[in-house]
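Count along the sequence shown starting at 1, add 4, and that's the number in my numbering.
By construction, the Cβ of each residue, glycine as well, lies at the ideal position given by its N, Cα and C atoms.
Shown next, in structure tokens, is the structure this report addresses.
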Amino acid sequence: MRPTQDREIVGLQALRAFAAVAVVLHHALRASTVNAPADLPLLPSLLPAWLIEAGAGGVDVFFILSGFLMVYISGSYVQGRRPVSHFLQQRVLRVWPMYALVTLFALKPALMHWWATGERGFNLSAERLGGLLLLPSFNERHLIQPIVGVGWTLSYEALFYLCFAAAILLARQHLFPALCAILAAAFGVGLLLPQSTVWHGFLADPITLEFLFGAAIASFVPWRDRSPMGSVLLVIAGLALFGLFSALGLIPTGWRCVSFGVAAALLFVGVLRLEGRLTWPRWVVMLGNASYSIYLVHVLVIYQLIPYAERAVRKYQLVLSADLLALMLTAAGVGVGLACYFLLEKPITTWLMRKPRGGAPAVLPVSVRPR
């Protein structure tokens with residue numbers, strides 16, 4: 005396995021920005037088309053349905069990025085200079101505080117209803133509240149989705165962190181094979197569980213292979229000082245495959261990892277190989293820094309604004325297209341996400357990372373440090 009470094013890779017921020025905005029646009033377009041209120045008078049979208057669905061591939065980019073990054077920053081843990089507990093602490097401090105805050109905000113209607121009527125709604129059940137700890141649960145449609153809808157991806161992130169920590173403990177000199185074996189074991193356990201259980205659906209989903217794609221790229225794929233033309237072709241191929249697989253309807257299948265996962269891997273390697281050859285605009289880097297907050301809050305923002313859009317269209321007799329509404333919702337989701345990053349995520353994460361805990365301050369590598 006290639007030695008890892010803590011040198012910043014600016015292209016990762018560009019990939020984060022792309023992934024976050026793609027997911028926001030995907031959900032905004034769905035909110036203004038297939039999920040729009042039936043009586044909301046909008047001009048129909050000019051975009052084909054497959055293009056609307058292609059934005060969901062941002063999730064796959066995030067998974068591959070996570071797998072890559074864990075290997076990239078693992079040097080001090082593999083070499084024994086830092087304990088595995090430090091790795092897990094860093095991950096918890098980076099992911100959980102903002103997720104908990106957004107989840108509590110999303111629970112506000114249920115809590116107010118409980119306060120007013122004494123009736124505990126569906127989201128206040130013990131199983132649903134377990135989502136605060138990133139435990140998977142079924143929603144009312146029996147889909148694996150926590151209170152904050154996008155949180156299902158964070159449950160997989162948590163699983164990967166635990167498997168990665170176990171791989172370091174068990175076989176740090178053979179990290180990638182150990183990681184493959186542990187994730188395969190988790191997949192096998194999922195297959196053995198009753199199909200009606202949430203843990204079967206969660207563990208037996210091959211989407212975890214996308215983390216291995218990222219880990220393999222960090223471990224074995226040469227990406228420094230490569231031909232820029234080949235890199236551009238990889239980026240184009242990745243984007244084209246997102247569109248092709250969307251058009252073929254291969255997104256919802258259980259083996260999404262071999263459609264969107266492969267497309268995301270090609271895009272990822274292409275951007276990575278352009279490191280040092282491109283100067284990314286500062287606003288792209290800023291969006292990358294804020295991508296976690298944008299990702300967490302955007303669905304809440306979009307569906308909070310839909311009723312206001314409906315009232316405005318009716319009151320002022322507006323002629324509004326579904327595509328224009330989607331762009332407005334996207335701008336709002338990104339804008340609120342940026343505000344949450346600068347006002348909440350960045351100061352909270354910086355404070356937690358600098359706060360001593362029985363030793364030296366916890367400091368993130370530069371490649372993942374909030375700025």
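How many angstroms separate the CA atom of residue i from the CA atom of residue j?
i, j, result
"Asn39", "Glu131", "27 Å"
"Gly234", "Ala269", "14 Å"
"Leu304", "Ala110", "7 Å"
"Leu183", "Pro48", "47 Å"
"Leu158", "Pro198", "23 Å"
"Ala42", "Trp54", "21 Å"
"Phe272", "Asn293", "17 Å"
"Ala220", "Ser80", "19 Å"
"Gly153", "Ile68", "20 Å"
"His302", "Ala335", "10 Å"
"Pro52", "Ser297", "29 Å"
"Ala190", "Arg20", "27 Å"
"Arg95", "Val14", "20 Å"
"Leu322", "Leu50", "18 Å"
"Ile56", "Leu29", "8 Å"
"Trp119", "Gly125", "11 Å"
"Ala343", "Gly337", "10 Å"
"Phe180", "Ile151", "33 Å"
Helix, strand or coil for residue i, going by three-state DSSP, please let me know.
i, result
"Leu47", "strand"
"Ile77", "coil"
"Ile13", "coil"
"Ser297", "helix"
"Ser325", "strand"
"Ile148", "strand"
"Ala26", "helix"
"Gln177", "helix"
"Asp64", "helix"
"Ala364", "Legend: pLDDT at Ala364 = 42, less than 50; position of this residue unreliable, no value from coordinates given."
"Trp4", "Nothing about residue 4 can be read from this structure; the chain reaches only from 5 to 375."
"Ser70", "helix"
"Pro52", "coil"
"Tyr345", "helix"
"Ser200", "coil"
"Glu279", "coil"
"Gly292", "helix"
If I'm right that residue i touches residue j with Cβ under 8 Å, what's the distance once you round it to whole angstroms?
i, j, result
"Leu195", "Ala208", "5 Å"
"Ser70", "Phe224", "No, Ser70 and Phe224 are not in contact; Cβ-Cβ is about 17 Å, not under 8 Å."
"Gly274", "Val239", "4 Å"
Name the DSSP bridge partner or partners of residue i?
i, result
"Phe142", "Ile148"
Three or more beta-carbon pairs under 8 Å between the region 20 to 37 and the region 321 to 331, yes or no? Under the three-pair Cβ rule at 8 Å, the region 20 to 37 counts as touching the region 321 to 331.
Contact between the region 297 to 314 and the region 263 to 282 (3+ Cβ pairs under 8 Å): Taking a contact to require three or more Cβ pairs closer than 8 Å, the region 297 to 314 and the region 263 to 282 do not qualify as touching.
Does the count of Cβ pairs from the region 267 to 287 and the region 58 to 77 closer than 8 Å reach three? Yes: at least three Cβ pairs fall under 8 Å.
Does the region 200 to 207 come within contact of the region 238 to 256, defined as at least 3 CB pairs closer than 8 Å? Taking 8 Å as the limit for Cβ pairs, the verdict is that the region 238 to 256 does not touch the region 200 to 207.
Are there three or more Cβ pairs, one per stretch, closer than 8 Å when the region 130 to 149 is compared with the region 283 to 293? In short, these stretches do not touch, since the Cβ pair count stays below three.
The region 90 to 105 touching the region 347 to 358, judged by at least three CB pairs closer than 8 Å: Output reads yes: the region 347 to 358 touches the region 90 to 105.
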